[in-house]
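Chemist: Numbering (my numbering), first residue to last: 393 to 747.
(1) Name the residue from 616, 682 and 586 whose alpha carbon lies nearest to the alpha carbon of residue 575.
(2) Go to residue 638, then tell me how far its alpha helix (DSSP H) extends in each direction, as first and last residue.
(3) Which one of 571, 630 and 587 has the shortest CA to CA distance from residue 736?
(4) If you reduce the DSSP assignment to three classes, tell me which class residue 589 lands in.
(5) Under 8 angstroms between the Cβ atoms of residue 570 and residue 662?
(6) Quick check: what's the CA-CA separation for residue 721 versus residue 617?
(7) Quick one: complete alpha helix (DSSP H) runs, 4+ long, within the stretch 603–638?
(8) Does the structure place the stretch 690–702 close enough to the stretch 587–599 that three or more beta carbon pairs sit under 8 angstroms?
(9) Measure from the alpha carbon of residue 667 to the alpha carbon of each residue in 565, 536 and 636, then state which is nearest.
(10) How about residue 587: is its C-beta nearer than 8 angstroms to some C-beta of chain C?
(11) Measure the Cβ-Cβ separation of residue 660 and residue 581 and say whether it is below 8 angstroms.
(12) Excluding sequence positions up to five away, which residues of its chain have a Cβ less than 7 angstroms from the Cβ of residue 732?
(13) For the stretch 657–687, list the alpha helix (DSSP H) runs that are entirely contained and at least 4 residues long, ordered along the chain.
(14) Should residue 620 be labelled buried (16 or more other beta-carbon atoms within 10 Å of its own) or exposed?
(15) When you compare the CB positions of residue 702 and residue 680, do they come within less than 8 angstroms of one another, or not?
(16) Measuring CB to CB, does residue 709 end up less than 8 angstroms from residue 672?
(17) Using CA atoms only, rank isn't needed, just tell me which of 631, 572 and 535 is closest to residue 598.
(18) Measuring alpha carbon to alpha carbon, tell me which residue in 604, 729, 608 and 622 is nearest residue 642.
(19) Just to confirm before moving on: does the CB-CB distance between residue 513 and residue 540 stay below 8 angstroms?
(20) Taking its Cβ as the centre, do 16 or more other Cβ atoms sit within 10 Å of residue 601, making it buried, or is it exposed?
(21) Keeping to the same chain, check which residues put their C-beta closer than 7 angstroms to that of residue 649; ignore five residues upstream and five downstream.
(22) Have a look at residue 622 and residue 629 and give me their C-alpha separation to the nearest angstrom.
(23) Report the three-state DSSP secondary structure of residue 565 (helix, strand or coil).
(24) Could you have a look at residue 584 and say whether DSSP puts it in helix, strand or coil?
(25) For residue 669 and residue 728, I'd like the C-alpha separation in whole angstroms.
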């Protein structure tokens, strides 16, 4: 954590120096014009505390609840001061909000409308480009000054981006939402199992369904169907179907199919591996078994406790990704790929315990 804080501070300082944290050149010029703080250690210390106060309030807004302000200041400031002079940042900005803004941008807060509204209010604090401190180190505000109007801009903020950032900041579970290719069962990414070619993972799944219940007629029709929509329709007509029986083994079959799909297709595999460290989530609002019963633009999709579905496909793909990445690290991915292609891979119950 200390190392991360140092890196964050260095990024913030670097961004400030490179003019990357200001939206307009005039912003930087205004900050430079505020360079009126006396080189008085007591005033600089006060400003440092003001910066920490505002920064910590921002952190609290994302759900952190440390025990006390002093503990938080000591925890954050101590590692920073080992490598950086925090006053070097503060001396460049008379208004503490500019420092906080720099930290927010450096952290990647996806809330530009609110940040810009704060900056608008900051600009209006200094109509003549001068900063005047009162006896307690706060700035005198001009008559008629209006604080940031967050209500005015709240509808222009992408709430999903904020939820994703908040989850990352708080160390919560990270998600990769999907509905279409390459992760969809309907994606036209073909593969071979036991000498038979399947044009989609959906076709493999429906063939397994027909085979499991001994419906050879449906199996043949599914193999002849080219489109996943037709494959799914035919799969619904499988004779002797038992829902409870199918739900017990369905994920095992889908796992085998996706192991073949991603082991045999490098581009799809790279896309899957790129999601490492996250849980894959099928955001299909119409599927409460294989998906979560919610769309990706629904805030409830970003917390598994509010999902309306089981996310079986996301669960399978997360397992497949981790399994294939492990085989690649062991140098056994090519061997596994060939075993599955030839039908020599020992099928086992990934989720049911047996197949």
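From the three backbone atoms N, C-alpha and C, an ideal C-beta is built for every residue, glycine too.
None of the values given here were measured: they were computed from a predicted structure.
Modeler: Once the coordinates are examined:
(1) It is 682.
(2) In the DSSP assignment, residue 638 falls within the alpha helix (DSSP H) that extends over 635–656.
(3) For the residues 571, 630 and 587, the minimum Cα distance to residue 736 belongs to 587.
(4) Note: residue 589 maps to strand in three-state DSSP.
(5) Between residue 570 and residue 662, the C-beta gap is not smaller than 8 angstroms, which leaves the two residues out of contact.
(6) Between residue 721 and residue 617, the C-alpha separation is close to 37 angstroms.
(7) Listed in chain order, the complete alpha helix (DSSP H) runs (minimum 4 residues) inside the stretch 603–638 are 608–616 and 620–627.
(8) Taking 8 angstroms as the limit for Cβ pairs, the verdict is that the stretch 690–702 does not touch the stretch 587–599.
(9) Nearest C-alpha to residue 667 among 565, 536 and 636: 565.
(10) The structure shown contains no chain C; it is built from a single protein chain.
(11) Going by C-beta atoms, residue 660 is nearer than 8 angstroms to residue 581.
(12) Cβ neighbours of residue 732 beyond the five flanking positions: 585, 651, 652 and 655.
(13) Qualifying alpha helix (DSSP H) stretches, in chain order: 658–665.
(14) So residue 620 counts as buried.
(15) Taking 8 angstroms as the Cβ cut-off, residue 702 and residue 680 qualify as a contacting pair.
(16) A Cβ-Cβ contact shorter than 8 angstroms links residue 709 with residue 672.
(17) The option with the nearest alpha carbon to residue 598 is 631.
(18) When 604, 729, 608 and 622 are compared, the shortest CA-CA separation from residue 642 is found for 604.
(19) Yes, the pair counts as a contact, with Cβ atoms nearer than the cut-off.
(20) Residue 601 should be labelled buried.
(21) For residue 649, same chain residues with a beta-carbon under 7 angstroms away, outside a window of 5 residues either side, are 593, 596 and 597 in chain order.
(22) Those two C-alpha atoms are separated by around 11 angstroms.
(23) The answer is coil: DSSP assigns residue 565 none of H, G, I, E or B.
(24) Of the three classes helix, strand and coil, the one that applies to residue 584 here is strand, per DSSP.
(25) Approximately 23 angstroms between the Cα atoms of the pair.
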